[in-house]
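For the sequence shown, numbering that gives the first Met the number 0 gives the first residue as 0, with consecutive numbering after it.
Think of the CB as a built atom: it goes at the ideal place given N, C-alpha and C, for glycine as much as any other residue.
Heads up: the structure comes next, in C-alpha cells.
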Amino acid sequence: MNIYSISVQSLKRRRTKTFFLIFGLVLAVSSVVTLTVISKNMSESVSKDLDEYGANIIITPKSNELALNYGSLSIGELSYDRSNLFESDVDKIKEIKNFKNISVISPKLLVVDKIDSLQTLIAGIKFDKEYALKKWWKIDGRIPEKASGVLLGSEASTKLKLNLNDKILIKGTNFSVVGVIQPTGSQDDAMVFIDLHIAQQLFDKGENLSLIELSALCYDCPVEEIVRQISQKLPNAKVSAIRQSIDSKMAAVAKFEDFSFGISIVILIISLLIVFTNVNSSLNERIREIGVFKAIGFRNRDIFKIVFFEVLIASGIAGLLGYLIGIAAANIIMPLLDSNAVIGFKFDPEIFLIASMLSIVVGIMAAFYPAYKATKLDPTVAFRTL
C-alpha cells in the first residue's frame, strides 16, 4: 500500500469528515464563482448599454468664441463655417494606450447652407461609423452606400418636401435621397447627412472636421482617463466626457464588485476555519494510526504527504462541484438583477481555473498546520492510547 492509496482509503473510511471537508471548500468556491460570474456579466451589460447610448466623448476645436450647442449637448466654442480639427487627428486617437476601449470613432463636418432657399444644417459623416454610433436610428429606406446618396432627418424631409428617391441639390451637385430617419427627438431630425469626403470637397474644407464623437466602452477603465490620453494627443482640441445616466449604473457595478470582494473574503475565512477544524479533528482521531505509520518507518514527510493528498483530492472534487454550483447559482440570481441577462452553462476555462486553484489553495492553507502537527507526533504517545 502506497501513500496515495492510504489517502484515498482514509477519505472513503471517514465519509462524514470527507463530506464536511468538501462542503467547506465547495462553499468557498461556489460563492466566489457566483459573485465573479455576476460581476463579469454586469460589466458586460454596462458595456452594451454604453454602446447603445451612443457617444460619451466629444472632441471639438478650442476657441475663444461664443459657445454653441449641438442639440442638447455643449460642443464647445464652434463656428459651423470653420474647423480646427483634421482627419489626421483620428489616427492620433488610435495611438492612445486605451484605444481598445473605444468602439466607434465618428468624425463630422457641420456646415450651414441653403437648400431650396431654406437654411439647413448639413453634416458630412462616415455613414457606417455614424450608424454604429447611433444604433437607435430607424431608417425608412437604407443607409447610403454611394457618395451620391443622402440621408434626411424626419423634420428636414418634411420641410424640404423630399421623400425617398427624390433628388436634392446641394452646392450645385445632385444627390438622391436613399433614406429618411424616423423621428428621434434630437438634432438629427432637422439635419441632412451626406458623405464626409463629399462634404469636404463641396464646401472646400480640405481635411477639416467640426467635431469627433467617440463611443468608449469604459466599464473597466474611467472615461476621464481616455479623455486625458486624447487631450495629450490633441492639445489644440477640447475633449469632453458626456455624462449620462449610464454613470449611475457604472457606479452600481463598482459598488457591487466591492461588495462581492468583501463577501468573498468573509466566506473564504469561514471556509478556512471549517476545513481547518475538520482536518484537525480528523487527525486527532487518527493519533494511533499515525503512530503506527511512524513506528513502521514512515518519515515525517510521508505523514505530511498523506494529509496533503487527502486534502488535494477533496479540493479537486470541491473545485469542480463549486464551479458547477456557482454557475447554476449565477443563472438563478443574474436574471433578478438584469432581466435581459442570459448566462447559460457554457464552459469558461478562466473561471474554472480560478475555482480549481482557489479550492486547492484554501485546502492546503487550512490543512498545513494540522499536517505539520501530525508530523511532530511522538509514536510512544500514540501507543499509550492503545
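Enumerate, from N- to C-terminal direction, the unbroken alpha helix (DSSP H) stretches of 4 or more residues contained entirely within the segment 317-381.
As summarised for the segment 317-381, the continuous alpha helix (DSSP H) elements at least 4 residues long and confined to that stretch are 348-374, given in chain order.
Check for me: the beta strand (DSSP E) holding residue 169 runs from which residue to which?
The count along the sequence shown starts at 1 and reaches residue 169 at position 170. Counting along the chain, the beta strand (DSSP E) containing residue 169 begins and ends at 166-169.
Can the beta-carbon of residue 159 be found closer than 8 Å to that of residue 114?
Taking the first residue of the sequence shown as position 1, residue 159 is located at position 160. Taking the first residue of the sequence shown as position 1, residue 114 is located at position 115. Contact: yes.
Counting Cβ pairs, one atom from each stretch, are 3 or more of them under 8 Å apart for the segment 300-312 and the segment 3-10?
Result yes; three or more Cβ-Cβ pairs closer than 8 Å.
If you draw a straight line from the alpha carbon of residue 365 to that of residue 250, how long is it in whole angstroms?
Position 366 of the sequence shown, counted from the start, is the residue given in the question as residue 365. Position 251 of the sequence shown, counted from the start, is the residue given in the question as residue 250. Spanning the two alpha carbons is a distance of roughly 36 Å.
Under the three-state reduction of DSSP, which class applies to residue 295: helix, strand or coil?
Position 296 of the sequence shown, counted from the first residue, corresponds to residue 295. Correct three-state label for residue 295: coil.
Can you tell me where the alpha helix (DSSP H) with residue 157 in it begins and where it stops?
Here the question's residue 157 lines up with position 158 in the sequence shown. Counting along the chain, the alpha helix (DSSP H) containing residue 157 begins and ends at 153-158.
For the segment 81-161, which segments carrying the beta strand (DSSP E) assignment without a break, of at least 3 residues, lie completely within its bounds, in sequence order?
101-114, 117-124, 138-140 and 148-151
Just tell me which of 56, 206, 153 and 293 has its CA closest to the CA of residue 192.
Residue numbering aside, residue 192 sits at position 193 when the sequence shown is read from its first letter. The shortest C-alpha separation from residue 192 is found at 153.
Helix, strand or coil, according to DSSP, for residue 314 in the structure here?
Position 315 of the sequence shown, counted from the first residue, corresponds to residue 314. Reduced to three states, the DSSP call for residue 314 is helix.
Compute the Euclidean distance between the alpha carbons of residue 370 and residue 253, then round it to the nearest angstrom.
Against the sequence shown, residue 370 aligns to sequence position 371. Against the sequence shown, residue 253 aligns to sequence position 254. Each residue's alpha carbon lies about 40 Å from the other.
Any heavy atom of the ligand MG closer than 7 Å to the beta-carbon of residue 44?
In terms of ligand content, the structure shown is empty, and the ligand MG therefore cannot be addressed.
If the criterion is Cβ atoms closer than 8 Å, does the pair residue 270 and residue 23 meet it?
Within the sequence shown, residue 270 is the residue found at index 271, counting from 1. Within the sequence shown, residue 23 is the residue found at index 24, counting from 1. Contact flag set, yes.
With distance defined between alpha-carbon atoms, name the residue in 55, 27, 10 and 25 nearest to residue 224.
Here residue 224 refers to the residue found at position 225 of the sequence shown. Nearest option by C-alpha distance: 55.
Please name the residue or residues paired with residue 41 in a DSSP beta bridge.
Translated into positions along the sequence shown, residue 41 becomes position 42. Answer by DSSP bridge pairing: none, since residue 41 is not bridged.
Can you list, in chain order, the residues of its chain with a C-beta nearer than 7 Å to that of residue 182? Leave out the 5 residues immediately preceding and following it.
The sequence position of residue 182 within the sequence shown is 183, counting from 1. The residues are 153 and 188.
Only counting the same chain, and skipping five residues up and downstream in sequence, which positions put a Cβ closer than 7 Å to that of residue 324?
Translated into the one-based positions of the sequence shown, residue 324 becomes position 325. So the list reads 25 and 29, once near-sequence residues are dropped.
So, is residue 94 buried or exposed, given that buried needs 16 or more other C-beta atoms within 10 angstroms?
As a working note, residue 94 is residue 95 in the sequence shown. Classification for residue 94: exposed.
For the pair the segment 313-328 and the segment 347-362, tell me if three or more CB-CB distances fall below 8 Å.
Yes, since at least three Cβ pairs between the segment 313-328 and the segment 347-362 fall closer than 8 Å, the two stretches touch.
At what residues does the beta strand (DSSP E) containing residue 240 begin and finish?
The residue labelled residue 240 in the question sits at position 241 within the sequence shown. Element bounds for residue 240: 236-240.
Mark residue 139 as exposed unless 16 or more other C-beta atoms lie within 10 angstroms of its C-beta, in which case mark it buried.
Working through the sequence shown from its first residue, we reach residue 139 at position 140. Classification of residue 139: exposed, given that the 10 Å Cβ count is below 16.
Between which two residues does the beta strand (DSSP E) containing residue 212 stretch?
For the purposes of this step, residue 212 is taken as residue 213 along the sequence shown, with counting starting at 1. Start and end: 210-215.
For residue 347, which of 35, 1 and 2 has the nearest alpha-carbon?
In the sequence shown, residue 347 corresponds to position 348, counting from 1. Comparing alpha-carbon positions, the option among 35, 1 and 2 lying closest to residue 347 turns out to be 35.
So for residue 185, helix, strand or coil by DSSP?
Stepping through the sequence shown from its first residue, residue 185 is reached at position 186. Shown here, residue 185 sits in coil according to DSSP, grouped into three states, outside any helix or strand.
Output the distance between the C-alpha atoms of residue 170 and residue 98, rounded to the nearest integer angstrom.
Counted from its first residue, the sequence shown places residue 170 at position 171. Counted from its first residue, the sequence shown places residue 98 at position 99. Approximately 37 Å, taken between the alpha carbons.
Less than 8 Å between the CB atoms is what I'm expecting for residue 20 and residue 313, so what's the real figure, rounded?
Translated into the one-based positions of the sequence shown, residue 20 becomes position 21. Translated into the one-based positions of the sequence shown, residue 313 becomes position 314. About 5 Å; that satisfies the 8 Å criterion.
At what residues does the beta strand (DSSP E) containing residue 60 begin and finish?
In the sequence shown, residue 60 corresponds to position 61, counting from 1. Element bounds for residue 60: 56-60.
What three-state label does DSSP hand residue 205 in the structure shown?
Against the sequence shown, residue 205 aligns to sequence position 206. It is coil, neither helix nor strand.
Work out the CA separation of residue 281 and residue 18 for me, nearest whole Å.
On the sequence shown, position 19 is the one that residue 18 refers to. On the sequence shown, position 282 is the one that residue 281 refers to. For residue 18 and residue 281, the distance between alpha carbons rounds to 12 Å.
State the DSSP-derived secondary structure class of residue 283, mapped to helix, strand or coil.
On the sequence shown, position 284 is the one that residue 283 refers to. Reduced to three states, the DSSP call for residue 283 is helix.
Taking residue 176 and residue 151 to be in contact with their CB atoms under 8 Å, please state how far apart those CB atoms are, rounded to whole angstroms.
As a first step, residue 176 is located in the sequence shown; it is residue number 177 there, counting from the start. As a first step, residue 151 is located in the sequence shown; it is residue number 152 there, counting from the start. Correct: roughly 6 Å between the Cβ atoms.
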